[in-house]
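Student:
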Amino acid sequence: MSNDRYLQSYVPHISKTSFDDKATEFLKKYYPDALVTPMSVPIEDIAKKKIGLMIIEERLTEDLSILGQMCFTKGLAEIYDKENDEYREILVRGGTMIIDPDTLIERNLGCKRNTVSHECVHWTEHRNYHLMAAVKNSKTSRACRCPAEQKSDQFTEQWDDEDWMEWQANGIAPRILMPHETVGSMFNRLVESSAKQPFIKAGLIPARTWIIEQIAGFYQVSKQSAQIRLCELGYLPD
4 MSNDRYLQSY VPHISKTSFD DKATEFLKKY YPDALVTPMS VPIEDIAKKK IGLMIIEERL
64 TEDLSILGQM CFTKGLAEIY DKENDEYREI LVRGGTMIID PDTLIERNLG CKRNTVSHEC
124 VHWTEHRNYH LMAAVKNSKT SRACRCPAEQ KSDQFTEQWD DEDWMEWQAN GIAPRILMPH
184 ETVGSMFNRL VESSAKQPFI KAGLIPARTW IIEQIAGFYQ VSKQSAQIRL CELGYLPD
């Protein structure tokens, strides 16, 4: 068996229909309260205190094209030194999550939280793949770099192992932050509350927009992420 074929056997087979199950499995193991009570999931605390990961903030690229990186093994990891305008390497231990601090500045808190959740998924679901791949090189940390732009799933026949794992992390991460077990009750509560909002009654803001904003603020995610989640759960039309 070729090395590539051998590694492929370590890519978990997770279908899109299983993303919610995986998010539930994650929360059940690391923070079950979030499956019962609507809340802003404390994803950084989960990463640090429950999973045992180290989170450091370093710029990863000059153009912010990479938001986060999960380092699976000890070794050297490349970062971008903005002050000196150069790329350099730092030594990291296995289980180090690198988050670009400018994710918060250039984008929003929701994007940063989603990036942390995304890296947690890589650690829990894809660690074995990367540990096996690390056998070939022990000097450089085996890492998974997570781009800001997501690939279209219209051309999956051209995807490699890492594309599939990115797709899985992209799908599961927001579901951890907005578990289906609590989003429904929050949505119903907001629908009821929206009927009493004077600015909605006056036509100053659509009820749909207000609800999306409230969900985004409550779960501390981006408005885009909140809208996508509500639509895929069937609470809002696409």
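4 is the number of the first residue of the sequence shown in our numbering; add one for each residue after it. C-beta: ideal position from N, C-alpha, C; glycine also. Keep in mind that this is a model prediction, so the values were computed, not measured.
What's the gap between the Cα of Asn191 and the Cα of Arg211?
Tutor: Whole-angstrom Cα-Cα distance: 12 Å.
Student: When DSSP labels each residue in this structure, what does Gln153 get in the three-state scheme?
Tutor: In this structure, Gln153 counts as coil in the three-state DSSP scheme.
Student: Measuring CA to CA, which of Gln230, Thr185 and Gln223 is closest to Pro41?
Tutor: Per the Cα distances, Thr185.
Student: In angstroms, rounded to a whole number, what distance separates the CA positions of Gly78 and Lys52?
Tutor: So the two alpha carbons sit approximately 23 Å from each other.
Student: Quick one, which of Arg178, Lys85, Ile54 and Gln171 has its alpha-carbon nearest Asp66's?
Tutor: The option with the nearest alpha carbon to Asp66 is Lys85.
Student: Please classify Asp103 as buried or exposed, where buried requires at least 16 neighbouring CB atoms within 10 angstroms.
Tutor: Burial call: buried.
Student: Have a look at Asp105 and Glu28 and give me their C-alpha separation to the nearest angstrom.
Tutor: Roughly 31 Å separates the two Cα atoms.
Student: In the DSSP output, what is Ala80 paired with across the bridge?
Tutor: Note: Ala80 sits in a beta bridge opposite Ile93.
Student: Inspect the beta-carbon positions of Leu63 and Arg130 and report whether they are closer than 9 Å.
Tutor: Not a contact, by the Cβ cut-off of 9 Å.
Student: Taking Cβ positions, are Met100 and Leu30 nearer each other than 9 Å?
Tutor: No, these two residues do not count as a Cβ contact at 9 Å.
Student: Pull up the DSSP beta-bridge partners for Arg148, would you.
Tutor: Per DSSP, Gln72.
Student: Within the continuous alpha helix (DSSP H) that includes Ile214, where are the two ends?
Tutor: First-last of the alpha helix (DSSP H) with Ile214: Ala210 to Tyr222.
Student: Between Glu92 and Met73, what straight-line distance do the alpha-carbon atoms span, to the nearest angstrom?
Tutor: One C-alpha to the other measures close to 15 Å.
Student: Can you tell me the Cα-Cα spacing of Gly95 and Ala37, whole angstroms?
Tutor: Correcting the residue identity first, residue 95 is Val in this sequence and not Gly. If you take the alpha carbons of Val95 and Ala37, they lie about 31 Å apart.
Student: Only counting the same chain, and skipping five residues up and downstream in sequence, which positions put a Cβ closer than 7 Å to that of His16?
Tutor: There are no such residues.
Student: What would DSSP say about Glu60, mapped onto helix, strand or coil?
Tutor: Note: Glu60 maps to strand in three-state DSSP.
Student: Going by DSSP, what residue range makes up the beta strand (DSSP E) through Met42?
Tutor: Element bounds for Met42: n/a, residue is neither H nor E.
Student: Gln153 to Leu70, Cα distance in whole Å?
Tutor: Rounded to whole angstroms, Gln153 to Leu70 spans 12 Å at the Cα level.
Student: When the Cα atoms are used, what is the spatial distance from Asp156 to Ser188?
Tutor: Cα-Cα distance, rounded: 31 Å.
Student: What would DSSP say about Ile102, mapped onto helix, strand or coil?
Tutor: Three-state DSSP puts Ile102 in a strand.
Student: Are the beta-carbon atoms of Gln223 and Gly113 separated by less than 9 Å?
Tutor: Against a cut-off of 9 Å, the Cβ pair of Gly113 and Gln223 comes out as a contact.
Student: Relative to the alpha-carbon of Leu193, which residue among Trp167, Thr143, Gln217 and Asp164 has its alpha-carbon at the smallest distance?
Tutor: Minimum Cα distance to Leu193 is reached at Gln217.
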